[in-house]
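Asks: Residue numbers (our numbering): 22 to 210.
Built from N, CA and C at the ideal position, the CB exists for glycine as well.
Have a look at the structure that comes next, please.
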């Protein structure tokens with residue numbers, strides 16, 4: 022799938038599961054952003070700095086979070102052969118994942134969309150290293166994308182996560198950034 026270049030900056034309003042705001046600054050092989058939100062009575066922010074290779078597979082992630090309880094930090098790395106570490110500790114449960122996915126972000130859904138050759142109606146399994154918002158715990162996320170429509174101005178994928186028993190229709194712009202993530206976030210800019 023041919024996608025337009027990412028804009029250098031974008032933003033989303035988060036509504037539904039949480040109330041908040043997210044910003045993204047994108048450059049060659051790098052996605053930097055932050056989400057500030059209120060969710061289930063907790064207030065937090067998560068900042069992320071993701072580097073990807075030429076195929077949009079995650080190479081490294083540095084994330085910080087701040088809550089009323091204090092600040093946390095996590096560093097993830099993925100070797101060229103697909104082995105992950107979290108804060109320097111090997112995580113074989115994440116091996117085979119090519120992407121990071123942040124609970125706090127609408128941005129990280131762009132990673133597989135940029136990389137995989139989706140065919141309309143064909144389901145593609147895309148497991149990811151999933152970073153939880155409140156405590157930066159990292160778990161394996163089983164997820165699947167199925168292209169349902171595609172055009173000059175955007176793309177729609179049926180998204181499924183067996184890990185969270187969740188599914189929805191994700192709408193992406195021509196650059197592969199989420200425009201609408203039902204119950205989560207809507208693109209502002």
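Taking only three categories from DSSP, how would you classify residue 210?
Replies: coil
Asks: If distances are taken between C-alpha atoms only, which option among 201, 171 and 182 comes closest to residue 23?
Replies: 171
Asks: By a C-beta neighbour count over all protein chains shown, 10 Å radius and 16 as the cutoff for buried, is residue 58 buried or exposed?
Replies: Residue 58 counts as buried, since at least 16 other C-beta atoms from the protein chains shown sit within 10 angstroms of its C-beta.
Asks: Pairing CB atoms from the stretch 113-128 with CB atoms from the stretch 42-57, are three or more of them under 8 Å?
Replies: yes
Asks: Using the Cα positions of residue 168 and residue 155, report the straight-line distance between them to the nearest angstrom.
Replies: 31 Å
Asks: With which residues is residue 165 paired in a DSSP beta bridge?
Replies: Looking at the DSSP output, residue 165 sits in a beta bridge with 146 and 181.
Asks: Between which two residues does the alpha helix (DSSP H) holding residue 132 run?
Replies: For residue 132, the enclosing alpha helix (DSSP H) has its first and last residue at 131-136.
Asks: Reducing DSSP to helix, strand and coil, say where residue 114 ends up.
Replies: helix
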